[in-house]
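What follows is one structure encoded as structure tokens, with my remarks underneath.
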Amino acid sequence: MLPNPNMKISTFSSEFLPKSCLVKGNEVKLATSRLILLASTMPTFSHSNISSNIINTTTNNKLATMWREIQGSRNWENLVNPLDTLLQEEIIRYGEFVVACYDAFDLDPNSKRYLNCKYGKNSMLSEVGLGKSGYQITKYIYATTNINVLSIGQNSSSSSGRWIGYVAISSDEETKRLGRRDVLIAFRGTVTNPEWIANLMSTLSPARLDPSNLRPEVKVEAGFLSLYTSNEGEKFGLTSCREQLLSEIRRVINMYKNEEMSITIGGHSMGSALALLLAYDIAELGLNKNATTTRCDQLYESSVLESNNVSITVFSFGGPRVGNSSFKERCEELGVKVLRIVNVNDPITKLPGVLLNENFRVFGGRYEVPWSCSCYTHVGVEILLDFFNMQNPSCVHDLGTYLNLLKGHHHKSLQEEDIDFFNIANEFFLSMLY
Numbered sequence: 001m002l003p004n005p006n007m008k009i010s011t012f013s014s015e016f017l018p019k020s021c022l023v024k025g026n027e028v029k030l031a032t033s034r035l036i037l038l039a040s041t042m043p044t045f046s047h048s049n050i051s052s053n054i055i056n057t058t059t060n061n062k063l064a065t066m067w068r069e070i071q072g073s074r075n076w077e078n079l080v081n082p083l084d085t086l087l088q089e090e091i092i093r094y095g096e097f098v099v100a101c102y103d104a105f106d107l108d109p110n111s112k113r114y115l116n117c118k119y120g121k122n123s124m125l126s127e128v129g130l131g132k133s134g135y136q137i138t139k140y141i142y143a144t145t146n147i148n149v150l151s152i153g154q155n156s157s158s159s160s161g162r163w164i165g166y167v168a169i170s171s172d173e174e175t176k177r178l179g180r181r182d183v184l185i186a187f188r189g190t191v192t193n194p195e196w197i198a199n200l201m202s203t204l205s206p207a208r209l210d211p212s213n214l215r216p217e218v219k220v221e222a223g224f225l226s227l228y229t230s231n232e233g234e235k236f237g238l239t240s241c242r243e244q245l246l247s248e249i250r251r252v253i254n255m256y257k258n259e260e261m262s263i264t265i266g267g268h269s270m271g272s273a274l275a276l277l278l279a280y281d282i283a284e285l286g287l288n289k290n291a292t293t294t295r296c297d298q299l300y301e302s303s304v305l306e307s308n309n310v311s312i313t314v315f316s317f318g319g320p321r322v323g324n325s326s327f328k329e330r331c332e333e334l335g336v337k338v339l340r341i342v343n344v345n346d347p348i349t350k351l352p353g354v355l356l357n358e359n360f361r362v363f364g365g366r367y368e369v370p371w372s373c374s375c376y377t378h379v380g381v382e383i384l385l386d387f388f389n390m391q392n393p394s395c396v397h398d399l400g401t402y403l404n405l406l407k408g409h410h411h412k413s414l415q416e417e418d419i420d421f422f423n424i425a426n427e428f429f430l431s432m433l434y
């Protein structure tokens, strides 16, 4: 499946991965215009590699003055192709915060914190190697789902809520470096069986997140919506992922209302879907609007008014499609900025909507098909990567591999070619089962 021609893209080949990634003799196989990695193992990801290398005085000064463009105020015009060095560094930096979700997630069935975070809020970032990141975690986020089939085989006496990510705020020193107070929300990707089932649901449901204007035409994938909005009721007292997040974001925005702020949301896989739902939700409810705006402000041009709002940016790594074309259009109307980092061989980024997607809404380039409202559509600007491991197909979706490739990027243009998507997807899902 070829990328959407309307999206800005930049492509990077696995040819440029660190030499330690390659098999003996740096063996690679040329496939049309791209190189496919035949490594037996992929590189491991280290926080310290990046944190110690990418921050310097010149970058600090430039970021403080350019942060709006880096956050997508101009839709990353002239920053993506070729990839701007400062943007590259920021993508990797936010990717580290998402990697931290995996590093801190407890997968030991014998642990008391099984399927929750292994560390307390005050020590988590230090424990995963981000102690000098300049951020302080203010809240942990948990998610559950109300999909009935998930209850089969589960212990009904225990909570089904699972740790999904966190909210963090930049320190005063980091705020000075960034040029604004940054509210960061990071989401991990799919780990548990219930989350996989939610991922594989393909039904579009109206989002209906703004009670004052339900907008029934704006639809999102039912499984992601369930993870975002479901709660456990009175039995365990866990409010929905959505309620936890909106409550904390309201609190933080009010606390720093006299400062310039940004809301940055990072996620991988399923976490990217939650990140986009949250960004849309914040903007649709108007939580990012400057509370001090008055009617007099209406005399100014819309661009001036927009600058008074808290910017909302999503950095999506290997994310699936989330909603239909009306969802995409509404996100754009609200000023939600989304930068999607995508491996062209990653099957998750082709889902849902393998057949019903943005590439098939218009017939013959002129006529919109009757079922176009049911077509899934990606949101935002794309940066395309290209890697595949014959011995370990699941690497195509691995976040550490994404970031390692970004670290050693070189620009490479994308030419049309056939992508054996179904074969790659089959190998990927089989590798997840065994």
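Anchor point for the sequence shown: position 34 equals 34 in full-length UniProt numbering, and the numbering is continuous, going up by one each time.
Beta carbons are placed, not taken as given, at the ideal position from N, Cα and C, and that holds for glycine.
Quantities reported herein were computed from a predicted structural model and do not represent experimental measurements.
From the DSSP output, in three-state form, read off residue i for me.
i	result
S326	helix
V381	strand
V342	strand
R181	strand
C101	helix
Y376	strand
S151	Because S151 carries a pLDDT of 42, less than 50, the predicted location of this residue cannot be relied on, and the following value inherits that uncertainty. In this structure, S151 counts as helix in the three-state DSSP scheme.
I249	helix
For residue i, which residues does DSSP report across the bridge?
i	result
E173	E173 pairs with nothing; no bridge assigned.
residue 444	Residue 444 is absent from the structure shown; the chain starts at 1 and stops at 434.
E221	L204
T313	T264 and K337
Y135	S170
I142	Looking at the sequence itself, residue 142 is Tyr, so the reference to Ile does not match. DSSP lists W163 as partners of Y142.
C117	F105
Within 8 Å (strictly less), CB to CB, does residue i reach chain D?
i	result
E127	Of the protein chains in the structure, only one exists, and it is not chain D.
Can you tell me whether residue i is buried or exposed, with buried defined as 16 or more other CB within 10 angstroms of its CB?
i	result
P347	buried
P109	exposed
E259	exposed
K257	exposed
S52	Confidence is the limiting factor: at S52 the pLDDT is only 42, short of 50, which leaves the residue's position unreliable, though a coordinate-based value still follows. The residue in question, S52, is exposed, as its Cβ has fewer than 16 Cβ neighbours within 10 Å.
residue 435	Because the chain here runs from 1 to 434, residue 435 falls outside it and cannot be looked at.
I50	Model confidence at I50 stands at a pLDDT of 45, short of 50, so the residue's coordinates are unreliable; what they give is reported in the following sentence. Buried: at least 16 other Cβ atoms inside 10 Å.
Q136	exposed
G120	exposed
Comparing alpha-carbon positions, which option in the options lies nearest residue i?
i	options	result
M255	V191, N213, I70 and T138	T138
G335	D103, E284, I341 and E127	E284
A275	V314, L245 and L238	V314
G223	S205, W163 and K112	S205
V344	Y94, I253, F387 and N116	F387
T377	E173, S325, T349 and K350	S325
S269	V381, R113, N61 and L351	L351
S316	S240, Y140, E96 and E221	E96
S133	L225, Y142, S123 and L385	S123
K328	Y94, K219 and S126	K219
N231	A100, G161 and N404	G161
T144	E217, R330, E221 and L227	L227
S311	E248, L287 and E173	L287
G165	T401, H397, D106 and Q71	D106
N75	K289, V381, T85 and T203	V381
T239	W163, G408, S73 and I383	W163
V396	T349, S374 and G408	T349
I383	D281, Q391, E217 and N78	N78
Segment contact, 8 Å Cβ cut-off, at least three pairs: the region 90-103 with the region 259-271: yes
Any chance the region 204-212 sits against the region 169-189, with 3 or more Cβ pairs inside 8 Å? no
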